[in-house]
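In our numbering, the protein residues as written are 649 to 1326.
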């Protein structure tokens, strides 16, 4: 093996293979879809997963109603055609108005000594500094690259190939045959996901014949049309150019796109490698990556909108990608998945294997589909709240600022706190259902069919939304709720509930799970500790990536189509997701009640996890605690006379929403996606 940065001619590869990390395993698997028993594996962390599992999962990640591929780029050389003049210009990003990294709700807290104050001002400054066009590179690009991903991934550029830690291995890979030879020689092993070859830069794609020219975004009314066209062209180009590898014994698992899933049978085993084509990741349409014409987070590659994408030039981009791969391997123990949600799932499976081998901890092996409810729920089992009110004179008098607060990584905090149910739920009716809700430790995890009383019959604050989104002001509503909402409704009005007794809710039916526990506690702890490292080192790219991992994974719990492969079905847990959303919603309401008591201020708007207030110059309503799940300032703007007048003269909620949007207009480009964007 060469010394660091010593180049090896491609066709003079040494007899020995790359040095793998000491705890890696062979990337071979039985042909069937049954994984080996964990107790015979050298290391759970590096265990490979059946190829069908990953391919089915990756294809399921794309929304059925949209293109089979697509997402979003934003390097200046991304998606260049053979003729640069005909290359599509980078898409123009648009962002949602709701913040991603902080979410809604109050109550129990998860301490994180490194959790920072996410003020709008500091976010904006961070993003300006992080922009790829800034004079100075962002802080994280100067951080050292570790060796944890070496032996599991390689990076290919037009200049040569590298390990993630920066060891230069070969010259340019200018043919698919050479790519085949490189993969065979490297003998990469999996790490929670199949081994990975990352092709970075348009130049490396051109050497391999992977060139597409879908046109320009100026030629289409909808960016999705351009993405769809590019994805189709890319698939066609790959089918045409990968023939030498297929002839050499490799198989394609599904249609190739921005990720080419390759597998090769060796006796009764299958080895796998994923080739990730960085310049074309934008062609993949996925909720993790972006919505319609908007550019979002592209997993480990970062977000063009937030300035955390890779540098423009190929070699700096390769170095930064290598650093991120090593960071992910070190702090999560897995390689990044093809989407952030897949990374979250890989971490869950890593923990599952460890617990299976040790016999300690909760191991959930079956999906948690919503039971057959008697009467469909009204939309989501536990919908997020969306509400606006017209401020009165007392709200507006003496105010000069519009402030939006939300919770710091609320979904992550709730996921680590909650006890989730699993196993086959038991259906109870009548007295048995009501009796099941009464226990020494409160109601067990489950779903309860209750009657919500009319809001106007209760002594509730007029300046807050009704306590549950299904509740109506003038009539009772029978609906299904989670145990979290059952507890919330029984809380005192001062804590955000309605002060109900269980008898007041008239429990008619229930589905109660036989087992429950903090199934996601270790998952949340690993992500929380990784987030602490990212915050401590000013690694905004890693911090944002972690946010997309936990939010993407929790969002995907709801849809079984995302987890069709046999070994992935246990990730389908819609009732868990409902409990997390309800937990965040109730805690947010409790914070609003506290703010009202302590400051005499009431919100004018709440959407999912964000609460908007009109405040005077010196008022501070954020939580002093820096724990995850506690309220921090998302946006804080000085109101102009025009906007203040708009609030004063607003006649309906539509006009109030327009005034809020106008006030926060300058902050739109610095926002993350809110916790509710899942």
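Just so you know, even glycine gets a beta-carbon here, dropped at the ideal spot from N, CA and C.
Same chain only: Cβ atoms within 7 angstroms of residue 1048, ignoring 5 sequence neighbours per side: Closer than 7 angstroms at the Cβ level, and outside the excluded window around residue 1048, lie 1264, 1265, 1286 and 1287.
Return helix, strand or coil for residue 1088, following the three-state DSSP convention. coil
I'd like to confirm the pairing. Which residues does DSSP put opposite residue 1051 in its beta bridges? Paired residues: 1261 and 1284.
Residue 825 versus residue 893 - alpha carbon distance: 7 angstroms
Ignore the nearest five residues each way along the sequence and tell me which others in residue 637's own chain have a CB closer than 6 angstroms to its CB. Absent from the model: residue 637. The displayed extent of the chain is 649 to 1326, so no value can be given.
Taking all protein chains shown into account, decide if residue 1118 is buried (16 or more other Cβ within 10 angstroms of its Cβ) or exposed. buried
If residue 908 sits next to residue 836, beta carbons under 8 angstroms apart, how far is it from one beta carbon to the other, in whole angstroms? About 14 angstroms separates the two Cβ atoms, so there is no contact after all.
Nearest-angstrom Cα separation, counted from residue 792 out to residue 784: 17 angstroms
Would you give the residue range spanned by the beta strand (DSSP E) that residue 1125 belongs to? Counting along the chain, the beta strand (DSSP E) containing residue 1125 begins and ends at 1125 to 1130.
Count the other CB atoms within 10 Å of the CB of residue 1116; is the residue buried (16 or more) or exposed (fewer)? buried
Determine the direct distance from the alpha carbon of residue 992 to that of residue 1199, and round the result to whole angstroms. 9 angstroms
Quick check on DSSP: helix, strand or coil for residue 911? strand
Can you tell me which of the three DSSP states residue 1035 falls into? strand
Taking the straight line between their C-alpha atoms, what separation do you get for residue 1008 and residue 1171? The straight-line gap from Cα to Cα measures roughly 15 angstroms.
Going by beta-carbon coordinates alone, are residue 1258 and residue 1271 separated by less than 9 angstroms? no
Nonlocal neighbours in the same chain, by C-beta distance under 7 angstroms from residue 1160, ignoring five residues either side: 1073, 1074, 1076, 1084, 1092 and 1094
Kindly indicate which three-state DSSP category residue 1300 falls into: helix, strand or coil? coil
Would you call residue 1132 buried or exposed, if buried means 16 or more other Cβ atoms sit within 10 Å of its Cβ? The residue in question, residue 1132, is buried, as its Cβ has 16 or more Cβ neighbours within 10 Å.
Taking 7 angstroms as the limit between beta carbons, can you name the residues of its chain near residue 969, skipping five residues before and five after? 803, 846, 848 and 958
For residue 1309, count the other beta carbons within 10 Å of its own beta carbon; 16 or more makes it buried, fewer makes it exposed. Which is it? exposed
On the criterion of 16 or more Cβ atoms from any shown chain inside 10 Å, does residue 916 qualify as buried, or is it exposed? Residue 916 counts as exposed, since fewer than 16 other C-beta atoms from the protein chains shown sit within 10 angstroms of its C-beta.
Going by CA-CA distance only, name the one from 1197, 1230, 1186 and 839 that's closest to residue 981. Nearest option by C-alpha distance: 839.
Report the partner residues of residue 1075 according to the DSSP bridge assignment. 1159
To the nearest angstrom, how far is it from the Cα of residue 1035 to the Cα of residue 996? 34 angstroms
Hey, could you find the ends of the alpha helix (DSSP H) residue 891 is sitting in? 891 to 895
Any heavy atom of the ligand ADP inside 8 angstroms of the beta-carbon of residue 1142? Among the ligands in the structure shown, none appear at all, so the ligand ADP cannot be discussed.
In the DSSP assignment, the alpha helix (DSSP H) including residue 1230 goes from what residue to what residue? 1222 to 1247
Quick one: what's got a C-beta closer than 6 angstroms to residue 1111's C-beta in the same chain, skipping five residues either side? Listed in chain order, the non-local C-beta contacts of residue 1111 below 6 angstroms within the same chain comprise 1250, local neighbours out to five positions each way being set aside.
Could you please give me the residues that DSSP links to residue 846 through a beta bridge? 803 and 924
Inside the stretch 984 to 1037 only - alpha helix (DSSP H) runs reaching at least 4 residues: 988 to 1006
Indicate whether residue 1276 and residue 1061 have their beta-carbon atoms separated by less than 9 angstroms. yes
Within 10 angstroms of its Cβ, does residue 1245 collect 16 or more other Cβ (buried), or is it exposed? exposed
So the candidates are 1253, 903 and 896; which of them puts its Cα closest to the Cα of residue 881? Nearest in C-alpha terms to residue 881, of all of 1253, 903 and 896, is 903.
Since residue 1183 is in the alpha helix (DSSP H), which residue starts that stretch and which ends it? If you look at residue 1183, you'll find it in the alpha helix (DSSP H) that goes 1169 to 1184.
Simplified DSSP assignment, three categories, for residue 1279: Residue 1279 falls in the strand class under three-state DSSP.
When you compare the CB positions of residue 1311 and residue 1050, do they come within less than 9 angstroms of one another, or not? yes
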